[in-house]
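Heads up: the protein sequence lines correspond to chains A and B, in order. The first sequence runs 962 to 1075 under our numbering. The second sequence runs 15 to 123 under our numbering. Input: a single structure, listed below in structure tokens.
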Amino acid sequence: ETGVTQSPTHLIKTRGQQVTLRCSSQSGHNTVSWYQQALGQGPQFIFQYYREEENGRGNFPPRFSGLQFPNYSSELNVNALELDDSALYLCASSFWTSVSDTQYFGPGTRLTVL
Amino acid sequence: QKEVEQDPGPLSVPEGAIVSLNCTYSNSAFQYFMWYRQYSRKGPELLMYTYSSGNKEDGRFTAQVDKSSKYISLFIRDSQPSDSATYLCARYNTDKLIFGTGTRLQVFP
Chain A
962 ETGVTQSPTH
972 LIKTRGQQVT
982 LRCSSQSGHN
992 TVSWYQQALG
1002 QGPQFIFQYY
1012 REEENGRGNF
1022 PPRFSGLQFP
1032 NYSSELNVNA
1042 LELDDSALYL
1052 CASSFWTSVS
1062 DTQYFGPGTR
1072 LTVL
Chain B
15 QKEVEQDPGP
25 LSVPEGAIVS
35 LNCTYSNSAF
45 QYFMWYRQYS
55 RKGPELLMYT
65 YSSGNKEDGR
75 FTAQVDKSSK
85 YISLFIRDSQ
95 PSDSATYLCA
105 RYNTDKLIFG
115 TGTRLQVFP
């Protein structure tokens, strides 16, 4: 077990709705990253938060947004849901340095958009 | 060309076999690589990470990086049915991991 938890486990939404996914980082970690994993694909980087500031962003539109809280828990918000947003959403926590970032993943939230 | 390429498989081997899983990468700027194992409907589990070239061994697992050919490999000795999973290679790049598509491995008794 990595100590990284995510909620909820599963979620079903309809197109156009908004969703908030939550992640609790492993103790001692200062960084959280979010990834989207479509079926049969590797995880795709959404963004990373380091000490409550966005530290990098992948090729995702602004309707994907995030927050990191002082206790290093995090949220991923997605507005105006589209059918293609259906995927497994993974958060990963780490102790980031400029030369390494060993990331430990949570179990994921499976989002279905109808 | 994708930054990290991986044969999706599936790869099916008998119990006890030596398994070789491979990835190629296109950008030589960073030399920090990871292997994750992902069981169905679960999050990826870190198996090994390695810097630069050479081998790193952990129990039945050996990770190998060949900088000259931009090739990374994971070898599993004495494979077990419990090793049946998808194996993801990843390259670290500043603020993110760049993953391959994963190779699905099945070890049959």
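Where a beta carbon is used, it is the ideal one built from N, C-alpha and C, also for glycine. All of these numbers come straight from a predicted model, not from anything done at the bench.
Which of helix, strand or coil does DSSP assign to residue i?
| i | result |
| --- | --- |
| residue 96(B) | helix |
| residue 1044(A) | helix |
| residue 53(B) | coil |
| residue 82(B) | coil |
| residue 38(B) | strand |
| residue 32(B) | coil |
| residue 68(B) | strand |
| residue 1016(A) | strand |
What residue from the options has the CA that sits closest to residue i's CA?
| i | options | result |
| --- | --- | --- |
| residue 1043(A) | 1074(A), 1025(A), 1030(A), 1052(A) | 1074(A) |
| residue 996(A) | 1068(A), 1058(A), 1052(A), 1067(A) | 1052(A) |
| residue 35(B) | 109(B), 96(B), 75(B) | 75(B) |
| residue 1029(A) | 1041(A), 991(A), 1071(A) | 991(A) |
| residue 1000(A) | 1069(A), 1049(A), 1065(A) | 1049(A) |
| residue 1040(A) | 1008(A), 975(A), 1025(A), 969(A) | 1025(A) |
| residue 88(B) | 71(B), 17(B), 45(B) | 71(B) |
| residue 21(B) | 81(B), 32(B), 78(B), 101(B) | 101(B) |
| residue 987(A) | 975(A), 1006(A), 965(A), 973(A) | 965(A) |
| residue 97(B) | 108(B), 109(B), 61(B) | 61(B) |
| residue 113(B) | 1068(A), 1057(A), 1007(A) | 1007(A) |
| residue 59(B) | 1010(A), 985(A), 1063(A) | 1063(A) |
| residue 17(B) | 40(B), 73(B), 33(B) | 40(B) |
Quick check: residue i and residue j, are their CB atoms within less than 9 Å of each other?
| i | j | result |
| --- | --- | --- |
| residue 99(B) | residue 55(B) | no |
| residue 115(B) | residue 24(B) | no |
| residue 1020(A) | residue 980(A) | no |
| residue 43(B) | residue 1003(A) | no |
| residue 1088(A) | residue 1031(A) | There is simply no residue 1088(A) to check, as chain A begins at 962 and stops at 1075 in what is shown. |
| residue 85(B) | residue 37(B) | yes |
| residue 27(B) | residue 119(B) | yes |
| residue 31(B) | residue 83(B) | no |
| residue 109(B) | residue 994(A) | yes |
| residue 1017(A) | residue 1009(A) | yes |
| residue 1047(A) | residue 1072(A) | yes |
Between which two residues does the beta strand (DSSP E) containing residue i stretch?
| i | result |
| --- | --- |
| residue 28(B) | 25-28 |
| residue 61(B) | 59-65 |
| residue 965(A) | It is not in any beta strand (DSSP E) - residue 965(A) carries neither H nor E in the DSSP assignment. |
| residue 1057(A) | Unbroken run through residue 1057(A): none, as it is neither H nor E. |
| residue 1034(A) | Where residue 1034(A) is concerned, there is no enclosing beta strand (DSSP E), given that its DSSP letter is neither H nor E. |
| residue 1072(A) | 1070-1074 |
| residue 994(A) | 992-998 |
| residue 1021(A) | Note, residue 1021(A): premise wrong, no beta strand (DSSP E); not H, not E. |
Quick check on the burial criterion: 16 or more other C-beta atoms within 10 angstroms. Buried or exposed for residue i?
| i | result |
| --- | --- |
| residue 91(B) | exposed |
| residue 971(A) | exposed |
| residue 1022(A) | exposed |
| residue 978(A) | exposed |
| residue 122(B) | exposed |
| residue 1045(A) | exposed |
| residue 989(A) | exposed |
| residue 1068(A) | buried |
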